[in-house]
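The number in the numbering used here is simply the position in the sequence shown, starting from 1, with 6 added.
The beta-carbon is built from N, C-alpha and C at its ideal position, and this holds for glycine as well.
Here's the structure, in structure tokens; my notes come after.
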Amino acid sequence: MSDSPRPSFTYYGHASVRVDFPDGQRWLIDPWVQGNPSCPESLHDLERLDALLVTHSHADHFADAVKIAKRYGPKKIVANFEICTWLTAQGVGNAAAMNLGGSQDVLGHRVTMVRADHSSGLDDDGVHVDGGSASGFIVHTAEDFTFYHAGDTALFSDMQLIASLYRPRLGFVPIGDLFTMGPADAARACRYLGVATVVPIHWGTFPVLTGTPAEFERQVKERELACDVVTLQPGESY
Ligand code: NI
Ligand code: MN
């Protein structure tokens, strides 16, 4: 519903987003915080954390996972089976494994793991570990607000399926190009997803990520989509 109370979202830079729910819960999607050059130092201390969600195990989404999990002790860590197995082997508790197409209750909210067209290798001290399939997340909150974090992905036409099944109102989509879709495909993704609001992520962290929010905004406008682009600088909230 359009008038459902929604969480507040704080952009930690790159693909990391802190979610503060109306019920007081604090979640983090993609734990790259202390090592994230885009993340303002004032956000390095999360203070508390109820749940941690991991889209895939590349370092720019995952490098601080063990440290954050051990420091804040989230009640649930949601990731694919392979990542959860590795985290458990590192002595991290509360891993709640799932896989593409599945849903689970996370502290009263509904989390669905959805497809992402990407990879998910894990570097364990120079040894390559299978990190399972890269994913995105649909979160349907107890207050009936649905948002989508795409993780790292190319454009895929089944974003239309995600739209028809889950009807997210807000999307976090990568725009940086090279490792994910760039601004033009991200604008096409907005059409497929039918989201009312989109927040661009995965841009500006490294010079090789050439897709910019300005170009993304231009691409969305050119398509005359009924979609507001909300560009957050790292540290800003929506
Ligand atoms: Ni990645
Ligand atoms: Mn990435």
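Pairwise C-beta distances place the region 24 to 34 out of contact with the region 191 to 208, as fewer than three of them are shorter than 8 angstroms. Residues lining ligand 1 by the Cβ criterion, that is a Cβ closer than 5 angstroms to any of its heavy atoms, are His-64, Asp-158 in chain order.
In this structure, Ala-160 keeps its C-beta atom at 8 angstroms or more from the C-beta atom of Gly-142.
Distance check between Thr-216 and each of Lys-73, His-67, Pro-189, Tyr-172 places Pro-189 closest, using alpha-carbon atoms only.
Remark: the shortest separation between the CB of Phe-178 and any heavy atom of ligand 2 does not fall under 7 angstroms. Going by DSSP, Ile-89 is part of the alpha helix (DSSP H) stretching over 87 to 95. As DSSP reads the structure, Val-25 sits in a beta bridge with Phe-15, Trp-33. Counting only residues of its own chain and dropping the five nearest sequence neighbours on each side, Ile-74 has a CB closer than 6 angstroms to the CB of Pro-37. Proximity to Pro-11 across Asp-130, Leu-58, Leu-176 peaks at Leu-176, based on C-alpha coordinates. In the displayed model, Ala-232 falls within coil according to three-state DSSP, outside both helix and strand. Contact between the region 201 to 216 and the region 224 to 244 is present: 3 or more CB-CB pairs across the two stretches fall below 8 angstroms. Rounded to whole angstroms, the Cβ separation of Lys-76 and Ala-57 is 15 angstroms, and the two are not in contact under 8 angstroms.
Pairing Asp-158 with Ala-140 gives a Cβ-Cβ distance under 8 angstroms. Within its own chain, the residues whose Cβ lies closer than 7 angstroms to the Cβ of Gly-19, once the five positions on either side in sequence are excluded, are Asn-42, Ser-44, Cys-45, Thr-211, Pro-240, listed in chain order. At the C-beta level, Asn-100 and Pro-80 come within 8 angstroms of one another. In this structure, Ser-48 sits away from Leu-34, with a CB-CB distance that is not shorter than 8 angstroms. Short of 7 angstroms from the beta carbon of Gly-137, and not among the five residues preceding or following it, lie these beta carbons of its own chain, in chain order: His-62, Ser-63, Glu-88, Ile-89, Ser-126, Gly-127, Leu-128. Taking C-beta atoms as the reference points, Val-117 and Val-98 fail to come closer than 8 angstroms. For Ser-125, no alpha helix (DSSP H) encloses it, and the DSSP letter there is neither H nor E.
In the DSSP secondary-structure assignment, Leu-176 is bridged to Phe-153, Thr-203.
Boundaries of the alpha helix (DSSP H) harbouring Ile-74: 71 to 78, taken from the DSSP string. For Asp-66, the enclosing alpha helix (DSSP H) covers residues 65 to 68. Comparing alpha carbon positions, the residue from Gly-182, Pro-219, Glu-221, Leu-171 closest to Gly-108 is Leu-171.
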